[in-house]
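There are 2 protein chains.
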Amino acid sequence: MESNLAVQRLSALAQPNRLAVFRCLIRCGPAGLPAGDIARLLDVAPNTLSAQLTLLAQAGLLTRRRDGRSIVYAANQDAMSDLIVYLLEDCCAGRPDICAPIADAVARAACC
Amino acid sequence: MESNLAVQRLSALAQPNRLAVFRCLIRCGPAGLPAGDIARLLDVAPNTLSAQLTLLAQAGLLTRRRDGRSIVYAANQDAMSDLIVYLLEDCCAGRPDICAPIADAVARAACC
DNA sequence: TCCATATTTCAACGAATATGGAAGTATGGC
DNA sequence: GCCATACTTCCATATTCGTTGAAATATGGA
Numbered sequence: 874m875e876s877n878l879a880v881q882r883l884s885a886l887a888q889p890n891r892l893a894v895f896r897c898l899i900r901c902g903p904a905g906l907p908a909g910d911i912a913r914l915l916d917v918a919p920n921t922l923s924a925q926l927t928l929l930a931q932a933g934l935l936t937r938r939r940d941g942r943s944i945v946y947a948a949n950q951d952a953m954s955d956l957i958v959y960l961l962e963d964c965c966a967g968r969p970d971i972c973a974p975i976a977d978a979v980a981r982a983a984c985c
Numbered sequence: 874m875e876s877n878l879a880v881q882r883l884s885a886l887a888q889p890n891r892l893a894v895f896r897c898l899i900r901c902g903p904a905g906l907p908a909g910d911i912a913r914l915l916d917v918a919p920n921t922l923s924a925q926l927t928l929l930a931q932a933g934l935l936t937r938r939r940d941g942r943s944i945v946y947a948a949n950q951d952a953m954s955d956l957i958v959y960l961l962e963d964c965c966a967g968r969p970d971i972c973a974p975i976a977d978a979v980a981r982a983a984c985c
């Protein structure tokens, strides 16, 4: 993954509403949610939310598809794993004792 | 981890220079690097870098200690693991098939 | 076709951020 | 004490970001 893309994704997530949107969609899984439902759930103006969704989608963190009058957004898990892998890269310079704590934490986080 | 803290950490990482600083320090491990060395490595003005280091440290992503005339910065791995755990939280709403790809990617990323 | 719903785009404003010059603080050596 | 080194803090400026009202687009139903 390129550094620019990582920054773009981190920027997209680095805002309270956008992080909430993303986490909400992560929990929804591939089914996703229409923009309107997200706006209601998070109590954000539709046009404001639209800008936020666009930003997340441009960063590759969300996918969008039309379903009738609604536009359904869903989290892109690959983008998320790529970002995490990038952040963990080269974390111990070959010394396992250094990054063992991180590896442990990640293993515990595996939710399934 | 609180949402606010997650946003603060994501914001701190969401800038090319700061991400480079953090990755550089992750690779250095607990030994860390003096501010001046980082400035030279990344070719950033000392005062600009100082502001960036302060921001990363305030987010808890870096620790600092004085060593003679130098101030040595090191990556805080716990902060990083906490952030990653937070980002992975609730990722599959109880359905293992959904987040298996993420779990796989993270397992592959375990560098040691 | 006409209307209502769902969402986006545009333009503009205030707020927050990034950077750099200049001055300040802390440490170590003479 | 004095000076050089290593960083930081302060301040001003330019840029970017987030939000909102208003207008535009797309879809589905009567």
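Respectively, the protein sequence lines represent chains E and H.
If you count the first sequence from 1, you need to add 873 to reach this note's numbering.
If you count the second sequence from 1, you need to add 873 to reach this note's numbering.
Just so you know, even glycine gets a beta-carbon here, dropped at the ideal spot from N, CA and C.
Asked, Found
"How should R896 of chain E be labelled, buried or exposed, when 16 other C-beta atoms within 10 angstroms of its C-beta is the threshold for buried?", "buried"
"Given 8 Å as the limit, is there contact between the region 883 to 891 of chain E and the region 928 to 947 of chain E, that is, 3 or more CB pairs closer than that?", "yes"
"For L935 of chain H, report the span of its beta strand (DSSP E) as first-last.", "935 to 940"
"What is the DSSP secondary structure of V917 of chain H, reduced to helix, strand or coil?", "coil"
"Could you check what DSSP says for A948 of chain E in three-state terms: helix, strand or coil?", "strand"
"Following the continuous alpha helix (DSSP H) through Q881 of chain H, name the residue where it begins and the one where it ends.", "876 to 886"
"Where P903 of chain H and L960 of chain E are concerned, what is the direct C-alpha to C-alpha distance, given to the nearest angstrom?", "17 Å"
"Using a Cβ-Cβ cutoff of less than 7 Å, which residues in the same chain neighbour A893 of chain E once the five nearest sequence positions on both sides are dropped?", "L915"
"Who are the near neighbours of R891 of chain E in its chain, counting only those whose CB is closer than 8 Å to its CB and skipping five residues on each side?", "A885, Q925, L928, L929"
"Would you mind reading off the limits of the alpha helix (DSSP H) that contains A893 of chain E?", "889 to 901"
"Using a Cβ-Cβ cut-off of 7 Å (strictly less than) and excluding sequence neighbours within five positions of L955 of chain H, which residues of its own chain qualify?", "The identity of residue 955 of chain H in the sequence shown is Asp, whereas the question assumes Leu. Counting only Cβ-Cβ distances below 7 Å, and skipping sequence neighbours, we find M874."
"List the residues of chain E that P889 of chain H touches, going by C-beta distances under 7 Å, in chain order.", "S876, V880"
"Shortest alpha-carbon distance to A973 of chain E belongs to which of H:A973, H:R942, H:M953?", "H:M953"
"Beta-carbon within less than 6 Å of R937 of chain E's beta-carbon, same chain only, minus the 5 sequence neighbours each way: which residues are those?", "A930, I944, Y946"
"Any beta carbon from chain H within less than 8 Å of L928 of chain E's own beta carbon?", "no"
"Using beta carbons (cut-off 8 Å, strictly below), is L886 of chain H in contact with chain E?", "yes"
"Could you tell me if A918 of chain H is buried or exposed, where buried requires 16 or more neighbouring beta carbons within 10 angstroms of its beta carbon?", "exposed"
"Between which residues of its own chain and D940 of chain H is the CB-CB distance below 8 Å, once the five residues before and five after are set aside?", "P907"
"Please list, in chain order, the chain H residues whose beta carbon lies closer than 8 Å to that of L892 of chain E.", "S876, A879, V880, L883"
"Please name the residue in H:N920, H:S876, H:S923 whose C-alpha comes closest to that of P889 of chain E.", "H:S876"
"Given this structure, state the Cα-to-Cα distance separating L898 of chain H from G909 of chain E, to the nearest angstrom.", "42 Å"
"So who's on the other strand from S943 of chain H, going by DSSP bridges?", "H:D940"
"Could you work out which residue in E:A879, E:Q950, E:A887 is closest to G905 of chain E when comparing CA atoms only?", "E:Q950"
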